[in-house]
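> Structure provided below as structure tokens; questions to follow.
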Amino acid sequence: MPGSNPIDFFKYVSAFLALLFLMACVTIAKAETLQDSDLRQVRFIPHWSPQAQFAGFYVARDKGFYSRRGIEVEILRGGPNNPASKALAEGRAEFASMFLGNGLILRSSGVPVVNIGQLVQRSALMLVAKKTNGILSLIDLDGRSVSIWPEFSAQPLAFFRCLNLNVDIVQQGYSLNLFQAARLSPMTSPSWPCSIMENPDQHPGYNDPGRRKEDS
């Protein structure tokens, strides 16, 4: 009998516990394998190209936060060349980040989007102009040109309509080249004296050595 000798008894107990541990490891590994194969594949597109403000989405993916909830997330590249709202409407992405105004426009146009999480409570957009072009107040924008990123246009367009401002809208790409060109040569490039941007003080194209705070 195993119990007749204390040493033999502990040997049998140790062997039994080791067997249980091995079985548990095999069971956990099998469960993880099944879990990986059963993950739902989804696509997420941010409203801009990869940068620091979207780091949380990438870190969550790499740390397995999504897979532990049963989904495998492919993060697509957003930006002016691949607007998030368009990708969502065309079914090229299941999830997207965008301004609330864009979501309301999609919803009103018949796209059944749902707001599943409001990450920010107020708009981060700012209207930036140059004093050197004679823009000291909002009324000075009347009859002038403003560069706007198309995906971020809902709020500024509504703003201009509310103030009855006749503004010429110029489409802006990834960079602020149009706005910079007007700043570097304000007399020869007066067509884009104003720009809509998100958090301009954090934008490398705006906060460069050639810009003085008192100029805008």
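Heads up, the sequence shown is in our numbering, so the first residue is 6 and it goes up one at a time. Just so you know, even glycine gets a beta-carbon here, dropped at the ideal spot from N, CA and C.
#1: Could you spell out the range, first to last residue, of the beta strand (DSSP E) harbouring ALA134?
#2: By a C-beta neighbour count over all protein chains shown, 10 Å radius and 16 as the cutoff for buried, is ILE121 buried or exposed?
#3: With a threshold of 6 angstroms on Cβ separation, who are the neighbours of LEU39 within its own chain once the five nearest residues in sequence on each side are excluded?
#4: Look at LEU81 and ILE110 and say whether their C-beta atoms are less than 7 angstroms apart.
#5: TRP53 to GLY139, Cα distance in whole Å?
#6: ASP67 lies in the beta strand (DSSP E); which residues open and close that run?
#7: From GLY84 to ARG48, what distance separates their C-alpha atoms?
#8: Roughly how far, in whole angstroms, is the beta-carbon of VAL172 from the beta-carbon of LEU146, given that I think they are within contact range, below 8 angstroms?
#9: Could you have a look at ILE140 and say whether DSSP puts it in helix, strand or coil?
According to the structure data:
#1: 130-134
#2: exposed
#3: For LEU39, the predicted model reports a pLDDT of 40, less than 50, meaning its position is unreliable; a value from the coordinates is still stated below. Closer than 6 angstroms at Cβ, skipping near neighbours: no residue.
#4: no
#5: 31 angstroms
#6: That residue, ASP67, is in no beta strand (DSSP E); its alpha helix (DSSP H) goes 60-67.
#7: 15 angstroms
#8: 6 angstroms
#9: coil
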